[in-house]
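Here the sequence shown stands for residues 2 to 170, numbered as in this note's numbering.
For reference, the structure is listed below as structure tokens.
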Amino acid sequence: MSLQTFNNQVLPLRDKLYRFSLRIVGNTQDAEDVVQEVMVRVWKKKEDWKQWSNIEAMCMTITRNLSIDKKRNKHTRVTDMPDHYDEPSGDATPDEVTASNDLMSQIRAMMDELPEKQRSIIQLRDIEGYAYKEIAEILEIPLNQVKINLHRARLFLKEKIVKAKSYGF
Numbered sequence: 002m003s004l005q006t007f008n009n010q011v012l013p014l015r016d017k018l019y020r021f022s023l024r025i026v027g028n029t030q031d032a033e034d035v036v037q038e039v040m041v042r043v044w045k046k047k048e049d050w051k052q053w054s055n056i057e058a059m060c061m062t063i064t065r066n067l068s069i070d071k072k073r074n075k076h077t078r079v080t081d082m083p084d085h086y087d088e089p090s091g092d093a094t095p096d097e098v099t100a101s102n103d104l105m106s107q108i109r110a111m112m113d114e115l116p117e118k119q120r121s122i123i124q125l126r127d128i129e130g131y132a133y134k135e136i137a138e139i140l141e142i143p144l145n146q147v148k149i150n151l152h153r154a155r156l157f158l159k160e161k162i163v164k165a166k167s168y169g170f
């Protein structure tokens, strides 16, 4: 494969890979390191690209594996994503921006309570928009496990959100 293929199919994935890695490793510097390493590894395996059924899924799998390795080596706990990651557009009023930031902080805290597999699945499905089959490939788990873990994660988050609303949060 060529540099053009890399530029057109792999480089545009950087932000998605970064967000996915950040959810696992918990800090921006480690996530940036992981994404850089993914780019290097994918480029070094350019002769194998034809054998990959889905370059994006392979990049996500490599990102997941490297992120888990990095987290294990650092023994760090997953922390919040940086505030600028999900800021609303400039069209929002200051009250809307504050409410949105508060809600996102609460949701991130709730997501951090999920087991790692559920957190990864909900990140890939509901935030990144991957199909169930792609998530199964990326995480190297059976399709039914993706569905079960996603269902459990969504139920957990729903219960936490309902409970938070009942307390006026």
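Beta carbons are placed, not taken as given, at the ideal position from N, Cα and C, and that holds for glycine.
These numbers come from a predicted model, not from an experiment.
The DSSP-derived three-state label of glutamate 114 is coil. Looking at the backbone, the Cα of leucine 23 and that of serine 167 are separated by about 31 Å. Short of 6 Å from the beta carbon of glutamate 38, and not among the five residues preceding or following it, lie these beta carbons of its own chain, in chain order: Leu67.
Pairing threonine 62 with isoleucine 139 gives a Cβ-Cβ distance under 7 Å. Sixteen is the threshold: when 16 or more other Cβ atoms of the shown chains lie within 10 Å of the Cβ of serine 121, as they do, the residue is buried. By alpha-carbon distance to phenylalanine 7, the top candidate from Lys46, Lys17, Asp70 and Asp113 is Lys46. The criterion of a C-beta distance shorter than 7 Å is not satisfied by methionine 111 and lysine 164.
For the 7 Å CB-CB criterion, tyrosine 133 and leucine 125 do not form a contact.
Tryptophan 44 sits in a helix when the DSSP states are folded into three classes.
In this structure phenylalanine 21 does not touch glutamate 97 by the C-beta definition: roughly 28 Å separates them, more than the 8 Å allowed.
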